[in-house]
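One structure is given here, and the rest of the page talks about it.
Protein chains: 4
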Amino acid sequence: MSMHDTQNERDNRRIPINKVGIKHLVYPIMVLDRENKTQPTVADISLYVDLPHHYKGTHMSRFVEVVNEHRGLVSLRSIEAILGSIVERFDSLTAHLEIRFPYFVEKSAPVSGARSLMNYNCAFLASLDRRARRRAAMDLIVEVAVPVATLCPCSKDISSAGAHNQRSQVIIRTRSAALVWIEELIGLAEDSASSGLYALLKRADEKHVTEHAYQHPRFAEDVARMVAQRLCADKRVIWFQVESENSESIHNHNAYAMIEGAGPAAQRRRKRP
Amino acid sequence: MSMHDTQNERDNRRIPINKVGIKHLVYPIMVLDRENKTQPTVADISLYVDLPHHYKGTHMSRFVEVVNEHRGLVSLRSIEAILGSIVERFDSLTAHLEIRFPYFVEKSAPVSGARSLMNYNCAFLASLDRRARRRAAMDLIVEVAVPVATLCPCSKDISSAGAHNQRSQVIIRTRSAALVWIEELIGLAEDSASSGLYALLKRADEKHVTEHAYQHPRFAEDVARMVAQRLCADKRVIWFQVESENSESIHNHNAYAMIEGAGPAAQRRRKRP
Amino acid sequence: MSMHDTQNERDNRRIPINKVGIKHLVYPIMVLDRENKTQPTVADISLYVDLPHHYKGTHMSRFVEVVNEHRGLVSLRSIEAILGSIVERFDSLTAHLEIRFPYFVEKSAPVSGARSLMNYNCAFLASLDRRARRRAAMDLIVEVAVPVATLCPCSKDISSAGAHNQRSQVIIRTRSAALVWIEELIGLAEDSASSGLYALLKRADEKHVTEHAYQHPRFAEDVARMVAQRLCADKRVIWFQVESENSESIHNHNAYAMIEGAGPAAQRRRKRP
Amino acid sequence: MSMHDTQNERDNRRIPINKVGIKHLVYPIMVLDRENKTQPTVADISLYVDLPHHYKGTHMSRFVEVVNEHRGLVSLRSIEAILGSIVERFDSLTAHLEIRFPYFVEKSAPVSGARSLMNYNCAFLASLDRRARRRAAMDLIVEVAVPVATLCPCSKDISSAGAHNQRSQVIIRTRSAALVWIEELIGLAEDSASSGLYALLKRADEKHVTEHAYQHPRFAEDVARMVAQRLCADKRVIWFQVESENSESIHNHNAYAMIEGAGPAAQRRRKRP
Numbered sequence: 000m001s002m003h004d005t006q007n008e009r010d011n012r013r014i015p016i017n018k019v020g021i022k023h024l025v026y027p028i029m030v031l032d033r034e035n036k037t038q039p040t041v042a043d044i045s046l047y048v049d050l051p052h053h054y055k056g057t058h059m060s061r062f063v064e065v066v067n068e069h070r071g072l073v074s075l076r077s078i079e080a081i082l083g084s085i086v087e088r089f090d091s092l093t094a095h096l097e098i099r100f101p102y103f104v105e106k107s108a109p110v111s112g113a114r115s116l117m118n119y120n121c122a123f124l125a126s127l128d129r130r131a132r133r134r135a136a137m138d139l140i141v142e143v144a145v146p147v148a149t150l151c152p153c154s155k156d157i158s159s160a161g162a163h164n165q166r167s168q169v170i171i172r173t174r175s176a177a178l179v180w181i182e183e184l185i186g187l188a189e190d191s192a193s194s195g196l197y198a199l200l201k202r203a204d205e206k207h208v209t210e211h212a213y214q215h216p217r218f219a220e221d222v223a224r225m226v227a228q229r230l231c232a233d234k235r236v237i238w239f240q241v242e243s244e245n246s247e248s249i250h251n252h253n254a255y256a257m258i259e260g261a262g263p264a265a266q267r268r269r270k271r272p
Numbered sequence: 000m001s002m003h004d005t006q007n008e009r010d011n012r013r014i015p016i017n018k019v020g021i022k023h024l025v026y027p028i029m030v031l032d033r034e035n036k037t038q039p040t041v042a043d044i045s046l047y048v049d050l051p052h053h054y055k056g057t058h059m060s061r062f063v064e065v066v067n068e069h070r071g072l073v074s075l076r077s078i079e080a081i082l083g084s085i086v087e088r089f090d091s092l093t094a095h096l097e098i099r100f101p102y103f104v105e106k107s108a109p110v111s112g113a114r115s116l117m118n119y120n121c122a123f124l125a126s127l128d129r130r131a132r133r134r135a136a137m138d139l140i141v142e143v144a145v146p147v148a149t150l151c152p153c154s155k156d157i158s159s160a161g162a163h164n165q166r167s168q169v170i171i172r173t174r175s176a177a178l179v180w181i182e183e184l185i186g187l188a189e190d191s192a193s194s195g196l197y198a199l200l201k202r203a204d205e206k207h208v209t210e211h212a213y214q215h216p217r218f219a220e221d222v223a224r225m226v227a228q229r230l231c232a233d234k235r236v237i238w239f240q241v242e243s244e245n246s247e248s249i250h251n252h253n254a255y256a257m258i259e260g261a262g263p264a265a266q267r268r269r270k271r272p
Numbered sequence: 000m001s002m003h004d005t006q007n008e009r010d011n012r013r014i015p016i017n018k019v020g021i022k023h024l025v026y027p028i029m030v031l032d033r034e035n036k037t038q039p040t041v042a043d044i045s046l047y048v049d050l051p052h053h054y055k056g057t058h059m060s061r062f063v064e065v066v067n068e069h070r071g072l073v074s075l076r077s078i079e080a081i082l083g084s085i086v087e088r089f090d091s092l093t094a095h096l097e098i099r100f101p102y103f104v105e106k107s108a109p110v111s112g113a114r115s116l117m118n119y120n121c122a123f124l125a126s127l128d129r130r131a132r133r134r135a136a137m138d139l140i141v142e143v144a145v146p147v148a149t150l151c152p153c154s155k156d157i158s159s160a161g162a163h164n165q166r167s168q169v170i171i172r173t174r175s176a177a178l179v180w181i182e183e184l185i186g187l188a189e190d191s192a193s194s195g196l197y198a199l200l201k202r203a204d205e206k207h208v209t210e211h212a213y214q215h216p217r218f219a220e221d222v223a224r225m226v227a228q229r230l231c232a233d234k235r236v237i238w239f240q241v242e243s244e245n246s247e248s249i250h251n252h253n254a255y256a257m258i259e260g261a262g263p264a265a266q267r268r269r270k271r272p
Numbered sequence: 000m001s002m003h004d005t006q007n008e009r010d011n012r013r014i015p016i017n018k019v020g021i022k023h024l025v026y027p028i029m030v031l032d033r034e035n036k037t038q039p040t041v042a043d044i045s046l047y048v049d050l051p052h053h054y055k056g057t058h059m060s061r062f063v064e065v066v067n068e069h070r071g072l073v074s075l076r077s078i079e080a081i082l083g084s085i086v087e088r089f090d091s092l093t094a095h096l097e098i099r100f101p102y103f104v105e106k107s108a109p110v111s112g113a114r115s116l117m118n119y120n121c122a123f124l125a126s127l128d129r130r131a132r133r134r135a136a137m138d139l140i141v142e143v144a145v146p147v148a149t150l151c152p153c154s155k156d157i158s159s160a161g162a163h164n165q166r167s168q169v170i171i172r173t174r175s176a177a178l179v180w181i182e183e184l185i186g187l188a189e190d191s192a193s194s195g196l197y198a199l200l201k202r203a204d205e206k207h208v209t210e211h212a213y214q215h216p217r218f219a220e221d222v223a224r225m226v227a228q229r230l231c232a233d234k235r236v237i238w239f240q241v242e243s244e245n246s247e248s249i250h251n252h253n254a255y256a257m258i259e260g261a262g263p264a265a266q267r268r269r270k271r272p
């Protein structure tokens, strides 16, 4: 049976489409894990290509076929393979892949050493552009959202006792010239906050975390700057963006700071001929 | 033109439907305001009836017509009128109405007196049952979600300085024999927490709020109990439920407490013949 | 070092708490899978106990310890073990566990047979009550949310061509006297709708799904009734609730129907002495 | 009493902050309405400034003061005034304002003429940069999210009867050299889809909408292109982005298309010396 292929019809509006594809395909995946080699998780996947002006539509089912074929391990290598398959199968100039997933890290409570898992929402945002001349044609942004605690320096300074503190979220996005582990970015965010969070804290741990936070007050601005400072000094980093957002315990709105910048690898890249 | 009325067809499956209707109709409304008489806001409205087993379907457009006719002021009186119109127009035994909306209260900062608006998510959950014999056949639950700050008593007790605190949410639901203002339930929740929240706090206010919270540590359990205690003593209250949920600043999960109970008006009601 | 145990203090307000515990602990779990024995997924877990009036607070960290100890396979057996551990460790009368997780089923497209995974949001809602006399003291509700397509019978009837259709969600909750697989409830919802959904459909499949939906028009009311009819006839079912909600393609609000009822196993249970 | 001003302390990390401010302040506002002059609604407001490297922190309460002072009508003029107040009060180079709100338009059903309100999520995204030399230093993006129906051309072509269709969302963002009404962008999106949505449709309207959608099949790609085509021809338009996303009724994931481009006013602007 030969069915009419509506998508392959000619389009005469002369308007190319920047991105066309599928959003929010929920799929189980395996990701690389620094401690345990791999960990299973559940991903929200979006995939796009550009569409030249003369095609009426794209074949959305092919995106799912590609995800299905590469299902299993999601790594830098497989992301590049997925994007490669896509530009080939769609005969497109560009391909874009967004994979969002919770990632688990086993942490020890600071005093008792009690072990538990913390979840961090991570993403790989990857693009391939056939027109790019360099070998490393894939552009990859790694994104990690780290829940932390922040204690307000101003509130501490002006109050006779206590200081307002709250759950905050630090989002770090990086492009890098060499592998930066998710665990490294998590550590960076947690070190820059008043305290990291834990799923399991015994009484002695809670005392430690409370006192540590009180001794390390941080504005949203401080957290963003401390993360930025270390990314600026990391030779692997090409580009970064850090967002810090506090669910203020004294307000019903949030405090926010964002810094975007270039890392040392960007400078090296520019210096090369 | 006479079109076939599919919904009016006979259904032979002999299965009545408990609730059938529309969900999430977004509509502008006016609500009663203790200070300013009325305030405009935006509501998310759901409306249901029961459907006897012999009808195939309901006429969903009629729900929107009823909302449209009563658009304008949403008050206890208009809610009863809406439910009355619905049971009549649908020839149903029961009708249910859920109206969710943000409600704004002007607050003065505790020291500077600086004025600003705080938003509270509120709801009216109303039902009418024709089979009920009593005159007050409408059942109405008023729901108010109040963001507050809670400071952990345990963290304060065991730590040399500071105490973890966070934004929390207190949800109060009541059935009452006489009008209870939204503003009263908000006050009840804020008084029971370590501190209320404000959109605008100057430096002196922030000092006050911080110190007040440190002097009034509250577990989620405490907040729920303090609200329950006062509702148990309020002669207007027939039934209540209070939920208290802390977005813990030391964990990535929440602490939660819930109490459900009867108020004095329930006892009076039972005593009557 | 002996730290003061604030939670163990005596509380004199004489108000017991219905539920106290933790909400939204995100944890990786393994669940039973009819085809592949087990599948890894990511859960959102809440755990509660009741708190007698004389205790000031509960020890929230113990909930996480219990989850951590039982981490791994989540099955009917392990859920009962978790609840058993909790009532013992907290010395409570009741314990409640809510586990929500996406669950994946491999499906074949109806014509091409192309295989892909579909995700369904599922939950186990379990309670244990020490005061219950019967041996099967655990109450368990299995909840499955099934995305489906519904095509409007009225729109089909009155229109010269076409009929509005849309993505809908069917939520089934059951208590049962014997194991009902998640896959069975998914099948029940998909059979009752105009069509099930697929991650991957080739052209011939899309034709089949479109025509099948056109030949099987369903109101939200129909879907709820067809599911209810089959649950009413399933000897294992004690209780059920089915919700059907259409993201109407002609409105910006949803159409909704809900039926709650008893299954054959409830009747058998009542007949027993 | 003179309290220490922590935010005004000198910061030696030499890292300027791109954006610092408040997010998600919920406030009642009035917006301009083409038919009724103004309409009340509820906004989610975010406000940021840049922070030079030598300041430790910003004074978050000032943002709320500015919102409070300008509370009332939100128009192009008042947005510019808010941004002007902010750069002055914070002594910053840039200021950013995001206001998101539901906006209501009264629509008549296509056959019966029955009137009802439809809600559209809109936003003003405005920035002021003191370093910009031109008089029109404020950059303003108007964003409108329009829920529509789309009917799949491929499904219609290959099927003997019917065609899958669904609720979709069209998001249009524009920068313009002269006022473009929200109502115009809504009309543009609705005209480009298979059909617009209505809160209230009687039987004859439902027939009309169903048949109209069947006669106007549209891929996500088509919708994006048709909107783009008209914005490309609108002399007021400087820049636009259009996103079209279908909640596919045959899949549990969405189909998506996005076009970004320049309008005629951009060309005029470039031609000027």
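Line by line, the protein sequences are chains A, B, C and D.
The first sequence lines up with residues 0 to 272 when you count with numbering that gives the first Met the number 0.
The second sequence lines up with residues 0 to 272 when you count with numbering that gives the first Met the number 0.
The third sequence lines up with residues 0 to 272 when you count with numbering that gives the first Met the number 0.
The fourth sequence lines up with residues 0 to 272 when you count with numbering that gives the first Met the number 0.
Glycine residues also receive a C-beta, built at the ideal position from the N, C-alpha and C atoms.
All values reported here derive from a predicted model rather than from experimental measurement.
Counting along the chain, H23 of chain D sits inside the beta strand (DSSP E) bounded by residues 16 to 32. R224 of chain B and H95 of chain A have their C-alpha atoms some 52 Å from each other. Secondary structure remark: continuous alpha helix (DSSP H) runs of at least 4 residues inside the region 101 to 189 of chain C, in chain order: 152 to 157. Residues of the region 46 to 57 of chain A with a C-beta atom less than 9 Å from some C-beta of chain C do not occur. Setting aside the 5 residues that flank it on each side, R61 of chain D is surrounded in the same chain by R88, each with a C-beta closer than 6 Å to its C-beta; the list follows chain order. Within chain A, the C-beta atoms nearer than 7 Å to that of L199 of chain C come from S60, V63, E64, N67, in chain order.
Proximity of K18 of chain B to chain C, defined by a Cβ-Cβ separation below 8 Å, is satisfied. Straight across, the Cα-Cα distance linking R130 of chain C with I14 of chain C is about 20 Å. Look at L116 of chain B: its C-beta is under 8 Å from a C-beta on chain D. Under the DSSP assignment, G83 of chain C falls in the alpha helix (DSSP H) whose first and last residues are 75 to 89. Distances from the alpha-carbon of E189 of chain A to those of A:I170, A:I81, A:R202 put A:I170 closest.
For S191 of chain A against N164 of chain A, the beta-carbon gap comes to about 15 Å, at or over 8 Å, which does not count as contact. Sequence-distant partners of M117 of chain A (beyond 5 residues in either direction) whose C-beta falls short of 6 Å from its own C-beta, in its chain, are V104, K106, A198. Contact annotation for M2 of chain A against chain C: R202, A203, K206 [CB-CB distance below 8 Å, chain order]. Going by beta carbons, L139 of chain C and A125 of chain C fall inside the 8 Å limit. If you ignore the 5 residues before and after C231 of chain D, its C-beta comes within less than 7 Å of the C-beta of G260, G262, all in its own chain and listed in chain order. Closest option to N11 of chain B, judged by alpha-carbon separation, among B:P51, B:E34, B:A264, B:F100: B:P51. Judged by beta-carbon spacing, H58 of chain C lies beyond the 8 Å limit of D43 of chain C, meaning their Cβ atoms are not closer than that value. Straight through space, the alpha carbons of V48 of chain A and K18 of chain B are spaced by roughly 44 Å. It is roughly 50 Å from the alpha-carbon of S243 of chain D to the alpha-carbon of H211 of chain B.
The Cβ-Cβ distance between T93 of chain C and S154 of chain D does not fall below 8 Å. By the Cβ-count criterion, K55 of chain C is buried, with 16 or more other Cβ atoms from all chains shown falling within 10 Å of its own Cβ. Residues of chain B whose Cβ lies closer than 7 Å to the Cβ of Y26 of chain D are, in chain order, L116. Per DSSP, the beta-bridge partners of I98 of chain C are C:I44, C:F123. Bridge partners of V236 of chain A according to DSSP: A:S175. In the DSSP annotation of this structure, the continuous segment of the beta strand (DSSP E) that includes N253 of chain D starts and ends at 253 to 261. For N253 of chain C, a Cβ of chain B is located within less than 8 Å of the residue's own Cβ. The beta carbon of V25 of chain B lies closer than 8 Å to those of V41, A42, D43, I44 in the same chain, with the five residues before and after it left out. In this structure, V63 of chain D lies away from S84 of chain D, with their beta-carbon atoms at least 8 Å apart.
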